[in-house]
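To start, the structure under review is shown below, and the notes come after it.
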Amino acid sequence: MSVRKLPFQIGTINLARAVYALNWFNIAPGLADIASSLNLKIVDLGVVTTGFYIGLAPFQIAGGVIASKIGNRITSFMGLLILGSFVIVSGLSNSLIELFIARLFEGIGSSLFFSPALGMLSEIVPDNTRSFHIGLFNGSFNIGGGIGILGWTYLDSVYSWRFPLELAGMIMIAVAVLNFIMVSGIPQSHKSQVPLSKRVNIAIRTKILWILPLAALVGILAETITGQLFVYYAEVHLDMASSLASILGTAFLLFGFAGGTIGGYLYGHSSRKNSIFVGSMVLTGLMVILIPFFSDFIILLAVMAVLGIMTVAVLSILYVKVVEVTTDKSMVSFNLSFINFVQNVFGSLSPFFFTVLVLYYGYGFSWFTIGFSGIVLILLLLFVRKSY
198 MSVRKLPFQI
208 GTINLARAVY
218 ALNWFNIAPG
228 LADIASSLNL
238 KIVDLGVVTT
248 GFYIGLAPFQ
258 IAGGVIASKI
268 GNRITSFMGL
278 LILGSFVIVS
288 GLSNSLIELF
298 IARLFEGIGS
308 SLFFSPALGM
318 LSEIVPDNTR
328 SFHIGLFNGS
338 FNIGGGIGIL
348 GWTYLDSVYS
358 WRFPLELAGM
368 IMIAVAVLNF
378 IMVSGIPQSH
388 KSQVPLSKRV
398 NIAIRTKILW
408 ILPLAALVGI
418 LAETITGQLF
428 VYYAEVHLDM
438 ASSLASILGT
448 AFLLFGFAGG
458 TIGGYLYGHS
468 SRKNSIFVGS
478 MVLTGLMVIL
488 IPFFSDFIIL
498 LAVMAVLGIM
508 TVAVLSILYV
518 KVVEVTTDKS
528 MVSFNLSFIN
538 FVQNVFGSLS
548 PFFFTVLVLY
558 YGYGFSWFTI
568 GFSGIVLILL
578 LLFVRKSY
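The opening residue of the sequence shown carries number 198 in this note's numbering; numbering runs sequentially from there.
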């Protein structure tokens with residue numbers, strides 16, 4: 198593999214990650230218009246956003262298995278094509294069921310990209326910079342998500358919600374093709390003579406691969422609920438202008454870029470790695486709890502900035518830890534997909550669960566429940582304190 202080609206390969210993987218994220222979050226600014234256009238209620242919007250994660254969660258493992266069979270490059274390419282195609286279908290949807298099905302397949306496509314892409318990245322970056330590059334990979338997700346919210350707020354205001362979704366899908370397909378071309382030649386250097394079924398069985402019976410994602414669940418809960426529903430919360434509950442609400446949602450995502458890069462770097466160079474991990478999770482939960490206590494734009498901007506940094510730091514460190522505890526390096530992609538599966542099983546249900554809590558108990562109790570639950574789950578690390 199050409200050393201001169203390496204920066205371009207890293208760059209296109211991160212570009213694909215950013216556009217992939219754009220297509221996760223670009224529906225958020227249009228939720229109010231979608232609700233009006235399709236006559237949907239708050240719980241219906243929870244169903245729509247949950248549909249994405251229902252598709253995402255179970256196919257995480259499928260993505261890891263497929264990548265082990267046919268390779269990371271082809272699997273990630275297939276995922277991006279499916280994602281882009283069904284984002285276009287979302288823009289063409291005329292009912293709750295059509296939009297739900299489109300979001301479901303967007304989730305399936307997304308599940309086939311993440312772990313194979315991160316697997317490719319882990320193959321080409323030096324071990325001593327792995328934590329930084331994983332943080333950068335996660336930070337790229339937040340850059341893309343921020344553009345998806347801020348940029349698509351403007352596009353939605355000009356074109357309504359349909360054309361912007363169709364445009365995003367077309368961009369995703371174009372980037373998928375570019376990425377497929379640029380990552381040719383990346384070797385899959387870690388081969389194993391052990392049958393895949395046996396390796397998978399060993400992995401899913403490893404306690405730490407269950408405990409780590411559950412203990413760090415506050416990261417995926419914050420990312421999912423804040424990223425998908427905060428803009429709507431600010432517009433409807435706080436009666437905030439859509440432009441200001443979108444700035445807050447964008448701040449959450451863009452500041453996450455700093456959380457990914459700086460968090461990954463600090464973790465990689467610290468002798469107190471576990472303290473950084475636990476501290477990031479506690480701060481994430483506390484920031485979520487603080488959300489309903491404020492309505493002032495400036496204060497909420499500060500809360501969203503800190504929450505964004507901490508959320509991505511948590512997820513980046515989680516992925517680094519999974520790579521660190523994986524002794525069979527041929528299983529890196531599968532183990533990453535497995536911990537994502539565990540997290541997204543809960544993350545997939547969280548928007549619906551959150552909106553039901555809002556319906557019966559209001560936003561204050563709902564935000565508190567999400568944040569406090571995330572903090573309590575950190576205690577699960579006590580069961581594997583000798584392993585991580």
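Ideal placement from N, C-alpha and C gives every residue a C-beta, glycine not left out.
All figures in this text were calculated on a predicted structure; none of them were measured in a lab.
Rounded to whole angstroms, what's the CA-CA distance from T481 to G568? Just pull it up for me. 8 angstroms
F249 versus I271, I258, I298 and G261, residue with shortest Cα-Cα distance: I298
Of the residues A438, E303, L418 and A213, the one placed nearest V539, counting alpha carbons only: L418
Starting from the N-terminal side, write out each stretch of the alpha helix (DSSP H) that is 4 residues or longer and does not extend beyond the segment 288-317. 293-308
What is the DSSP secondary structure of M437, counted as helix, strand or coil? coil
In the structure shown, what three-state DSSP assignment does S527 receive? Of the three classes helix, strand and coil, the one that applies to S527 here is helix, per DSSP.
On the CB-based measure, 16 or more other CB atoms within 10 Å of its CB, does H466 come out buried or exposed? exposed
Cα-Cα separation, V433 to I305: 30 angstroms
Selection from F550, L512, F580 and F565 that minimises the alpha carbon distance to S337: L512
F535 burial status per 10 Å Cβ neighbour count (16 or more: buried): buried
Are the beta-carbon atoms belonging to L203 and I321 less than 8 angstroms from one another? yes
If we count Cβ pairs, one from each stretch, closer than 8 angstroms, do we get three or more for the segment 435-449 versus the segment 343-355? yes
Is there contact here, the segment 361-369 with the segment 283-296, by at least three beta-carbon pairs under 8 angstroms? Counting C-beta pairs closer than 8 angstroms gives three or more between the segment 361-369 and the segment 283-296, which meets the contact rule.
Let me know if N398 comes out buried or exposed under the rule of 16 or more other beta-carbons within 10 Å of its beta-carbon. Exposed, since its Cβ has fewer than 16 Cβ neighbours within 10 Å.
Check each candidate in F310, T458, V581 and F549 and name the one with the smallest Cα separation from I240. Before going on, a small fix: residue 240 reads as Val here, not Ile. The option with the nearest alpha carbon to V240 is F549.
How do the segment 556-574 and the segment 252-271 stand: do at least 3 beta-carbon pairs fall below 8 angstroms, yes or no? no
Give me, in chain order, the residues of the same chain whose beta-carbon lies closer than 6 angstroms to that of G544; leave out the 5 immediate sequence neighbours on both sides. Y250, I417 and T421
Counted within 10 angstroms of its Cβ, other Cβ atoms place N269 as buried (16 or more) or exposed: buried
Reference R396; option with closest CA among K266, S472, Y558 and S547: If we check each option's Cα against that of R396, K266 comes out closest.
Distance check for F283 and F360, CA to CA, integer angstroms please. 13 angstroms
Applying the criterion that 16 or more other CB atoms from any shown protein chain within 10 Å of the CB defines a buried residue, is E521 buried or exposed? exposed
Check whether the Cβ atoms of I405 and A314 lie closer than 8 angstroms to each other. no
Can you tell me which of L411, F302 and S354 puts its alpha carbon nearest to the alpha carbon of M275? F302
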